[in-house]
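Notes for the one structure printed next.
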Amino acid sequence: MKSNLADYLPFIFSHLSPEIAASTALSHLQKLAYLSVPIPRAGFEIRLDKENSQVDLQQCICFQNNEPKILAQHINNLALSHQEFKQPAWDSIRQFCEVWSDSNSYVHDKITEIWLEFDINDGVTQLLIPSIFIGIKRDSFHSEEAFNIIKSALELLWQKEMDHSLYSNLYRCFSACIVPAQISHVGIMLSRQVEALRLNISKVPPYEIIYYLQTIGYPYSLKKIESLVIELLDRVDNVRICLDIGTDIYPQIGLECYFDEPSGLDPRWLPFLDALIAQGLCTPQKRDALINWVGFTTPNSSVQPWLTHLIAESLLQTPDSLSVLERGLSHIKITYKPQYPLQAKAYLGFIHRYLKLNSVKTVEKFINSSSSQENEMKSLHSQLNEAITAAINFLLNARNQGGWWRDFNFKQDGGRSDEWVTAYVGTALTTQPNIQAQQAAQWAWNLLAKRHHISEGWGYNPLAPADADSTIWALQLANALGAWNCERVQKTLNFLEQHLDINGGIATYLETLAIPYVEMKYEYTPGTALVNGWCSPHPCVTAAAANLEHFGETSVEFLRQTQRDDGSWQGYWWHDDDYTTALATQALARKRNPENIQRVQLAIKWAAKRINGNGAVYSTVHGNDSPFATALCVKILNLADSEEEKKVLLQQAVNWLIENQLSNGSWESSAIFRLPHPAVVNPNDCKCHNFPDDRRLFTTATVLAALSGVQRSAIGL
């Protein structure tokens, strides 16, 4: 084994962007690593705000592989040549490791790991006394025993008995843990004169946070902490509470945010980091640096010759093992302190391990792809985020001065649409953590809520009668913004329910509104206009409504009855069936019963066949590969289980959309709305007027929603 941790840093430093680790910080880290035990399991603490460039070093020592004994011997050796390691604190660490490695000791198999953490400000010479975080094995013993183990470990490190007040506070924190809550780590700051500890409490249910903090005697406001944890748990899988205690319970609380993904980059990191940016807790540059950090360094991809001792160790492994340095994003910590702004830190890590590969072919594939791992990560995450950000900016800039989005130029039918298009685009923006997108969506709803038709619904624009489709998208927007219970929505529901037939289908227009409008526009003699085409139940409109909980099983049953044998649904107002099929599939997927699941799978197979070799969907009416149709098929494929073939098609389609985004953030106009004659029930039987979204708003909003869905997906790419 090599002599220190510094031997491993050249393999991973190239992945630490200057945005999070400037050259000065790297120099300090390198100097400190020269004095660190040669165990390749370490990490970095990164401040995410713009002003702070401090980077701290952490190193993990595990119970296995005789690592406590290795650390004890390392301290002994350094004490012979380095004055700093003759300090009492280091001797305490050495003695602790000797006891920890003794199979007869009380703490031997009850402590799983320790983390040595070095704070690095302007240099390292005065910072060689680390903080120590002790990891407790919790599966096999009660909180009382856990407390006694930690008490023994702390007194070993302090070389004296614990202060009575600290003892009482620590005991209270342990005893207040009710299953599944547990204290996972206890930190001790040996460099500080004050006896203070940091406790990491895991698995506290959000509804028990206030009770726990009250029980231990936390003397500050609790509602803010509870609401903050609940907000964070809406985005991440786990939040660990970090308390500082001494003779008192201190006000600062850390909230460590984790995802359950054991390896690689969970796709939810990106929207979570974007939310931090929106709150001013992180910079876009540091976000990108964190995302690009994650990956593998292999012997093939490394610019440095692989370490000799790792090559030797590899010879002792099975043939299907590959030596790698894995780089990961562990967690983000949000620090709360009363009367102070929130702060955010990121914790990165790397570890040497062996990947198990199933065959020589897989090994070759992994090695060949690992050299481009970072480019792939950027493609699947950073580029995806860049595309989404550019699309949002395009849509934000495309509003008129009043805040409306206007698209589709039906010259003979009142010009451009504002109500329908604004509701549709606003709904797409509600899924974005971007604060400007959220504000724009809220403004859109405010505009719609103030716009009144006689019927209380919404329409193509104020010159057209209210219709079910426009009204449904306005309700989708209201629902996404939490405005469902307002008076305007409830009145609108009464209007919308009038479009519902006994089979659960929803017509676009009511005859009482459509006939006068058609008579005026098509110059019919009063009483002679036929509107049974526009006033029949339409799958495309019903599918949009079925995604609202209010319409429940009735509309879903209509969709089950109108699905075609190939798995698709025919739209009335759209040439491309991808639109109706995407909405109908989403509605059925929301209600998971055996018949729905079977129909969803059939729709997924249909969408898979629509994807061409280049990843795009060809639209006959558009006469080219269509971003609109491709995005809708992405929505459908994103509902698939993790079948490899479907994942490959999904990735190809996403890549095609990203590659074909225009420089201004939009996509080529390809949402082509068709306008059948009011009397035509089946628009495939006649020639229709076609209207593209010439301002590209409808297409761009659709692609944005599709890419955002992929980004949020638990399966990811």
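Note that our numbering numbers the sequence shown so that position 550 is 557, with each residue one more than the last. Just so it is clear, CB atoms sit at the ideal spot from N, CA and C, and this is done for glycine as well.
Check whether the Cβ atoms of Ala471 and Tyr529 sit closer than 9 Å, and answer yes or no. Translated into positions along the sequence shown, residue 471 becomes position 464. Translated into positions along the sequence shown, residue 529 becomes position 522. No, they are not a contact pair.
Check whether Ser21 and Val432 have beta carbons under 9 Å apart: The sequence position of residue 21 within the sequence shown is 14, counting from 1. The sequence position of residue 432 within the sequence shown is 425, counting from 1. Not closer than 9 Å, so no.
Would you report the Cα separation of Ile604 and Tyr586, rounded to the nearest angstrom? Start at 1 with the first residue of the sequence shown, and residue 604 comes out as number 597. Start at 1 with the first residue of the sequence shown, and residue 586 comes out as number 579. Going from the Cα of Ile604 to the Cα of Tyr586 covers about 19 Å.
What is the DSSP secondary structure of Arg205, counted as helix, strand or coil? Counting from one through the sequence shown, the residue named residue 205 turns up at place 198. Secondary structure of Arg205 (DSSP, three-state): strand.
Three or more C-beta pairs below 8 Å linking the region 434 to 448 and the region 399 to 406: With a cut-off of 8 Å, the region 399 to 406 and the region 434 to 448 count as touching, because enough Cβ pairs lie within range.
From Ser43, Glu91, Val62, Ala49, residue whose alpha carbon lies closest to that of Ser24: Sequence index remark: in the sequence shown, residue 24 carries index 17 (1-based). Of Ser43, Glu91, Val62, Ala49, the residue nearest in Cα terms is Val62.
Is the separation between the beta-carbon of Ile185 and that of Glu215 shorter than 9 Å? Position 178 of the sequence shown holds residue 185. Position 208 of the sequence shown holds residue 215. Pairing Ile185 with Glu215 gives a Cβ-Cβ distance under 9 Å.
Measuring straight from C-alpha to C-alpha, what distance separates Asp267 and Ser330? Locating residue 267 in the sequence shown gives position 260, where the first residue counts as 1. Locating residue 330 in the sequence shown gives position 323, where the first residue counts as 1. Those two C-alpha atoms are separated by around 24 Å.
Closest Cα partner of Leu682 within the set Leu669, Glu675, Phe698: Numbered from 1 along the sequence shown, position 675 holds the residue referred to as residue 682. Answer by Cα proximity: Phe698.
In this structure, what does DSSP give as the bridge partners for Gln324? As a first step, residue 324 must be located in the sequence shown, where it is residue number 317. Bridge partners of Gln324: none, in fact.
Say whether the region 543 to 550 touches the region 575 to 594, bearing in mind that this needs 3 or more beta-carbon pairs closer than 8 Å, one atom from each stretch. Yes, the region 543 to 550 is in contact with the region 575 to 594.
In terms of residues, what are the limits of the beta strand (DSSP E) holding Pro258? Position 251 of the sequence shown, counting from 1, holds the residue named residue 258. Per DSSP, Pro258 is one residue of the beta strand (DSSP E) stretching across 256 to 265.
DSSP three-state call for Gly130: helix, strand or coil? For this step, residue 130 is matched to residue 123 along the sequence shown. Low confidence applies to Gly130: its pLDDT is 49, below 50, so where it sits in the model is not reliable, and the reading given next is rough at best. Residue state, collapsed to three classes: coil.
Would you call Pro95 buried or exposed, if buried means 16 or more other Cβ atoms sit within 10 Å of its Cβ? The residue you call residue 95 lines up with position 88 of the sequence shown. It is exposed - the Cβ of Pro95 has fewer than 16 other Cβ atoms within 10 Å.
Any idea what DSSP makes of Ala353, helix, strand or coil? Reading the sequence shown from its first residue, position 346 is the one you call residue 353. Note: Ala353 maps to strand in three-state DSSP.
According to DSSP, Gln189 sits in a beta bridge with which residue or residues? Counting from 1 along the sequence shown, the entry for residue 189 is found at position 182. The beta-bridge partner set that DSSP reports for Gln189 consists of Ser209.
Would you please state the rounded distance, in angstroms, between the beta carbons of Leu173 and Glu152? I believe it to be under 8 Å. Within the sequence shown, residue 173 is the residue found at index 166, counting from 1. Within the sequence shown, residue 152 is the residue found at index 145, counting from 1. In fact, because the Cβ distance is near 19 Å, the residues do not count as touching under 8 Å.
Check Phe51 in the structure and name its three-state DSSP category. For the purposes of this step, residue 51 is taken as residue 44 along the sequence shown, with counting starting at 1. In this structure, Phe51 counts as strand in the three-state DSSP scheme.
Under the DSSP definition of a beta bridge, which residues are partnered with Arg495? The sequence position of residue 495 within the sequence shown is 488, counting from 1. According to DSSP, Arg495 bridges with nothing at all.
In its own chain, which residues sit with a C-beta less than 6 Å from the C-beta of Arg495, not counting the 5 before and 5 after it? Counting from one through the sequence shown, the residue named residue 495 turns up at place 488. Once the five neighbours on either side are set aside, the close Cβ partners of Arg495 are Ala456.
Anyone know if the C-beta pair for Ile68 and Ile46 falls short of 9 Å? Translated into positions along the sequence shown, residue 68 becomes position 61. Translated into positions along the sequence shown, residue 46 becomes position 39. Against a cut-off of 9 Å, the Cβ pair of Ile46 and Ile68 comes out as a contact.
Is DSSP giving Lys57 helix, strand or coil here? For this step, residue 57 is matched to residue 50 along the sequence shown. The answer is coil: DSSP assigns Lys57 none of H, G, I, E or B.
For Pro312 and Pro306, the rounded distance between their alpha carbons: Here residue 306 refers to the residue found at position 299 when the sequence shown is read from its first residue. Here residue 312 refers to the residue found at position 305 when the sequence shown is read from its first residue. Distance from the CA of Pro306 to the CA of Pro312, rounded to the nearest whole angstrom, comes to 7 Å.
Is the beta carbon of Cys249 less than 9 Å from the beta carbon of Leu206? Position 242 of the sequence shown, counting from 1, holds the residue named residue 249. Position 199 of the sequence shown, counting from 1, holds the residue named residue 206. If you check the CB distance, Cys249 and Leu206 come in under 9 Å.
Evaluate His388 with the Cβ neighbour count: other Cβ atoms within 10 Å of its Cβ, from every protein chain shown; 16 or more gives buried, anything less gives exposed. Mapped onto the sequence shown, residue 388 falls at position 381. Its Cβ being crowded by 16 or more others within 10 Å, His388 is buried.
Proximity to Leu323 [Cα-Cα], best of Tyr361, Val301, Leu297: If you number the sequence shown from 1, residue 323 lands on position 316. The shortest C-alpha separation from Leu323 is found at Tyr361.
Neighbour-count burial assignment, Glu52, 16 or more Cβ in a 10 Å radius: Position 45 of the sequence shown, counted from the start, is the residue given in the question as residue 52. Its Cβ being crowded by 16 or more others within 10 Å, Glu52 is buried.
Can you give the Cα-Cα distance for Thr437 and Cys180, rounded to whole angstroms? To locate residue 437, count along the sequence shown from 1; it is residue 430. To locate residue 180, count along the sequence shown from 1; it is residue 173. Straight-line spacing of the CA atoms in Thr437 and Cys180 works out to 40 Å.
7 Å Cβ shell around Phe92 - same chain, five flanking residues per side excluded: In the sequence shown, counting from the first residue as 1, residue 92 sits at position 85. Cβ within range, chain order: Ile82, Leu85, Ala86.
Kindly confirm or deny that the region 683 to 703 and the region 403 to 415 touch, where touching means at least three C-beta pairs closer than 8 Å. Yes, since at least three Cβ pairs between the region 683 to 703 and the region 403 to 415 fall closer than 8 Å, the two stretches touch.
Please work out which residues of its chain come closer than 7 Å, Cβ to Cβ, to Cys695, disregarding the five sequence neighbours upstream and downstream, and give them in chain order. As a first step, residue 695 must be located in the sequence shown, where it is residue number 688. Arg681, Leu682, Pro683.
Could you work out which residue in Gly224, Ile223, Pro226, Val246 is closest to Ser234 when comparing CA atoms only? Mapped onto the sequence shown, residue 234 falls at position 227. Comparing Cα positions, the closest option is Val246.
Where His359 sits in the DSSP three-state scheme: By one-based count along the sequence shown, residue 359 stands at place 352. His359 sits in a strand when the DSSP states are folded into three classes.
Among Trp107, Leu639, Tyr218, which has the Cα closest to the Cα of Lys117? Residue 117 sits at position 110 when you count from the first residue of the sequence shown. Checking every option, the nearest Cα to that of Lys117 belongs to Trp107.
Quick one: what does DSSP say Pro699 is sitting in, helix, strand or coil? Here residue 699 refers to the residue found at position 692 of the sequence shown. The DSSP-derived three-state label of Pro699 is strand.
Using only the alpha-carbon positions, how far apart do Tyr265 and Ser337 sit? As a first step, residue 265 is located in the sequence shown; it is residue number 258 there, counting from the start. As a first step, residue 337 is located in the sequence shown; it is residue number 330 there, counting from the start. A direct Cα-Cα distance of roughly 7 Å separates Tyr265 from Ser337.
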